[in-house]
Every structure is written in structure tokens, then in C-alpha cells.
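Here the structure comes first, spelled out in C-alpha cells, and everything after it is commentary.
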Amino acid sequence: MTSLLIRCYPARWRDRYGEEFAAVLAERTLGPFDVADIVLGALDAHLHLRGLGAASHGKGFAMSLRIGGYAAILGGLLWLVALAGNAINNGGESPSPLLGYSIVGATVMTLVALMGLSAFQARSHPALTWAAFAIPAMAFAQEAAAAGATPAAVSPNVAIAKAVAAAVTMAIAAMSAGYAQARIGAAAAGTLAERPEAGTNLIVITALTEIIVLMGFVIAFMINAA
Amino acid sequence: MNPRIPELGRFAEPALLILVSLSDGPKHGYAIMADVEAGTGRPLGPGTLYAALARLEERGFIEALAPVDRRRPYRLTAVGATILAEQLRELSEFVELGLRRLGRTPG
């Protein structure tokens, strides 16, 4: 059990602290909270590698920002695939289930991106955060344009107007949700420091703002379909 | 008023407790844990302890001594002592302010 827990830590950390950490763990039986604490500590060591040379400190982005960024890029690509496939498929029969999956995946990725990027660490790299929000929005705009352009009956001006409207709706909704979550996330982090037992409620409050972006998402689809 | 050791985030409080614990002489990991728990009445998990220790060591507030029988003692450095004294002074100013506003004299 003890050795398994220590193995959760990165190898470099184990080289430095492993021995004495094992000695500390051997002092008494570990309760579930101790185990959780060690796992979180191991996660922290993986994310920050603190105490292992000053070179690692301050380099690289916060993990939440990195996950959020990857999710935004992947989400944008999935939107592209889903909406492009849908546009191509428009004239034909029923759409393939793959498109449905990629739409669901893209939505999940967008939510993950919002969660990650709204964390307060993301505020130290505003330009990157903007870029990460812009990629899905651009993919959406592009594809809405493509989807609108395919049926020849609609005039191109209307299609472009619709695409822009949908993109703006989605982008503003996403930014609003991101802004709300940034504020709530910062407050939640502060609250968590003083009242760790409020954690569950804080997650609910933080996730609640996703509704804003979901509203924008729905309306963007309505504009596109109108 | 900033009662936190800068840039330690959620490890600021454990770090402060560890510094206080080390201020009366070097201690190894488990001794710090036991001392903090006895002092505050609240548990300090081993994961939190070592995350805070690593940060403090990285910033040069504490230093590791030669291990004695697997257990490595840590000692407060001069920098650490200065930082700790500053933190404690700020905290005591805060305590005084609070007590004054409550209409109670400190001590």
C-alpha cells in the first residue's frame, strides 16, 4: 500500500524525498483522508515538480490552462469535422452517427475548455486564453458559413449574415460564461481555502455558469437553422 | 494585510505551520507532522506536508540536513526565520485590529 502510494509520485521526486517519505508513512496507519492527501500531493508534484531545482519553477503553463487549451483546439477541430460533414451531407439522406458523436465530443471539449480556461491561473496568459476561445468560435463561423452556403436556394448574403450572427452569439455567450467562471472560480478558490467542506457546492456554483454558454449554443443553432 | 507567505497558494497555511514548528530546532518529517497536529488540533496529511516542504526548500526558507536512519531533519534558514517573523508580525497586527474593532483589548 505504502510503496504503491509512493509510486504515484514522479521519479525525480522519489529520488529526493522517497526514503524519508516512506519513513513518515511508516509511523502510523493511513486513513482514507491520508491516502487522498498523498494522491493529491503526488498530483501536485507531477504538475509542479516543486523543490526539484529552481529551473522547473515558473516554467510552463498551469495544468488547467494547458488542458483547457488542448480541449479548445480539439473541440474546434471536432466542430469543424462535424459541421463540415453535416454540410456535405445536407442534400443527402440521414446523417451518419459519426457526425453526432463528433458534435457531442466537440461540446464536451468546449465545456472542458471553458472550465480549464476560466481557472484563475489562465488570467496570467490572457492572449492565449483569447486565442483558445477564438479557435472554436472561428471553426463555428467557418462551418456555419459552409453549411449556409451549400443549399443553393439561399442567397449567399443571408448565409453569411446568419453565420456571423451565430458565431457572434456563440462567442459572446462563451466569453460571458468564461468571465463568470473566472470570477466565481477565484471566489471559490478563496472560499475553499477557508471552508474545504463547501467543495461540492462550489463545484455546482462553478458549473452552473455553463448554462450561459449552452444558451448561446442553442440560439446559435436556431439562427443557423432559421 | 496579507497573512500569506507569497506564492504558495493553498500551501501557504501548512507552510506557515511548518516554519513555526521548525523555529525551535530541526525536526524530521513525522516530528513536524506530530508537532503541527498537537499545536493546531487539526490533521496535517503527509502529502500536504511534503508539498509544502518541497516549496519551502525550493525557496530557501528551510534546508535539509543529513538523514539520520532514513529520516531527514529540516532546519529553518536565516531567510526562513526572517520571513516567518515578518509573517507573524503581520498576523499579530491583524489580530490586534480585529480585537480593537470588537472592542476588546488584546492579550
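Residue numbers (our numbering), protein chains in the order written: chain W, 8 to 233; chain A, 96 to 202.
Using N, Cα and C, we set each Cβ at its ideal position, and we do this for glycine too.
Any chain W beta carbon closer than 7 Å to residue i
{"i": "A:G140", "result": "yes"}
{"i": "A:G124", "result": "yes"}
{"i": "A:A161", "result": "no"}
{"i": "A:R166", "result": "yes"}
{"i": "A:A110", "result": "no"}
{"i": "A:Y145", "result": "yes"}
Chain A contact for residue i (CB, 7 Å cutoff)
{"i": "W:Y186", "result": "no"}
{"i": "W:G48", "result": "yes"}
{"i": "W:E27", "result": "yes"}
{"i": "W:E34", "result": "yes"}
{"i": "W:L87", "result": "no"}
{"i": "W:D44", "result": "yes"}
{"i": "W:A195", "result": "no"}
{"i": "W:D41", "result": "yes"}
{"i": "W:V31", "result": "yes"}
{"i": "W:Y24", "result": "yes"}
{"i": "W:G58", "result": "Any reading at W:G58 must be qualified, since the residue scores a pLDDT of 48, below 50, and its modelled position is unreliable; the value itself is stated next. Interface residue, yes."}
{"i": "W:F68", "result": "Residue placement at W:F68 cannot be trusted, given a pLDDT of 46 that sits under 50; what the coordinates show is reported in the next sentence. With 7 Å as the cut-off, W:F68 does not count as an interface residue toward chain A."}
Selected residue, minimal CA-CA separation from residue i, among the options
{"i": "W:G25", "options": "A:F106, A:G120, A:R165 and A:P121", "result": "A:R165"}
{"i": "A:A129", "options": "W:A184, W:D44, W:V31 and W:A113", "result": "W:V31"}
{"i": "W:A213", "options": "W:L199, W:V225 and W:A144", "result": "Position check: residue 213 of chain W holds Thr in this sequence, whereas Ala was assumed. Cα-wise, what sits closest to W:T213 is W:L199."}
{"i": "W:L12", "options": "W:G192, W:F28, W:I210 and W:A174", "result": "W:F28"}
{"i": "W:V115", "options": "W:L85, W:A141 and W:A144", "result": "W:L85"}
{"i": "W:V270", "options": "W:V119, W:N231, W:M145 and W:Y16", "result": "Residue 270 of chain W is absent from the model: chain W starts at 8 and stops at 233."}
{"i": "W:G83", "options": "W:I74, W:T117, W:A52 and W:Y108", "result": "W:T117"}
{"i": "W:R21", "options": "A:E108, A:Y169 and A:A149", "result": "A:A149"}
{"i": "W:A178", "options": "W:A49, W:R19 and W:M222", "result": "W:M222"}
{"i": "A:R138", "options": "W:F40, W:A52 and W:G48", "result": "Checking the displayed sequence, the identity of residue 138 of chain A turns out to be Pro instead of Arg. When only C-alpha atoms are compared, the closest one is W:F40."}
{"i": "W:A174", "options": "W:R202, W:A148, W:V165 and W:R14", "result": "W:A148"}
{"i": "W:M182", "options": "W:E201, W:R14, W:F224 and W:A52", "result": "W:F224"}
{"i": "W:A52", "options": "W:R14, W:G192 and W:P203", "result": "W:R14"}
C-alpha gap between residue i and residue j, whole angstroms
{"i": "A:A176", "j": "W:R190", "result": "35 Å"}
{"i": "A:E188", "j": "A:S116", "result": "21 Å"}
{"i": "A:L114", "j": "W:N208", "result": "33 Å"}
{"i": "A:H123", "j": "A:E185", "result": "28 Å"}
{"i": "W:I167", "j": "W:F228", "result": "14 Å"}
{"i": "W:K169", "j": "W:T176", "result": "10 Å"}
{"i": "W:E4", "j": "W:A205", "result": "Since the first residue shown for chain W is 8 and the last is 233, residue 4 of chain W is missing from the structure and cannot be characterised."}
{"i": "W:T216", "j": "A:A126", "result": "45 Å"}
{"i": "A:G140", "j": "W:D44", "result": "6 Å"}
{"i": "A:G120", "j": "A:L171", "result": "8 Å"}
{"i": "W:L54", "j": "W:G38", "result": "24 Å"}
{"i": "W:I110", "j": "A:E132", "result": "51 Å"}
{"i": "A:R105", "j": "A:G155", "result": "19 Å"}
{"i": "W:T36", "j": "W:A79", "result": "43 Å"}
{"i": "A:V190", "j": "A:L183", "result": "10 Å"}
{"i": "W:G195", "j": "A:L103", "result": "It should be pointed out that residue 195 of chain W corresponds to Ala in this sequence rather than to Gly. C-alpha separation (whole angstroms): 17 Å."}
{"i": "A:T200", "j": "W:Q188", "result": "42 Å"}
{"i": "A:A144", "j": "W:T9", "result": "Inspection of the sequence shows that residue 144 of chain A is occupied by Leu rather than by Ala. Their backbone Cα atoms lie some 16 Å apart in a straight line."}
{"i": "W:A172", "j": "W:I230", "result": "7 Å"}
{"i": "W:A144", "j": "W:A232", "result": "17 Å"}
{"i": "A:L179", "j": "A:L192", "result": "20 Å"}
{"i": "W:A120", "j": "A:V163", "result": "48 Å"}
{"i": "W:I218", "j": "W:I210", "result": "14 Å"}
{"i": "W:R23", "j": "W:L81", "result": "37 Å"}
{"i": "A:L111", "j": "A:A146", "result": "13 Å"}
{"i": "W:A180", "j": "A:P109", "result": "39 Å"}
{"i": "A:E158", "j": "W:G197", "result": "30 Å"}
{"i": "W:G112", "j": "A:R196", "result": "55 Å"}
{"i": "A:A107", "j": "A:E152", "result": "14 Å"}
{"i": "W:A184", "j": "W:L50", "result": "28 Å"}
{"i": "W:L87", "j": "W:Y186", "result": "25 Å"}
{"i": "A:R167", "j": "W:I74", "result": "36 Å"}
{"i": "A:E181", "j": "W:I226", "result": "55 Å"}
{"i": "W:G60", "j": "W:A18", "result": "Caution is warranted here: a pLDDT of 49 is assigned to W:G60, below 50, making its placement in the model unreliable, and no coordinate value can be reported."}
{"i": "W:L47", "j": "W:V165", "result": "53 Å"}
{"i": "W:Y108", "j": "W:E201", "result": "41 Å"}
{"i": "W:A141", "j": "W:G192", "result": "21 Å"}
{"i": "A:S118", "j": "A:L194", "result": "26 Å"}
{"i": "A:G198", "j": "A:A161", "result": "50 Å"}
Identity of the residues DSSP links to residue i by a beta bridge
{"i": "A:H123", "result": "A:P168"}
{"i": "A:A159", "result": "A:Y169"}
Residue i Cβ short of 6 Å to the ligand NAD heavy atom set
{"i": "A:T143", "result": "Of ligands this structure carries none, so the ligand NAD is not represented either."}
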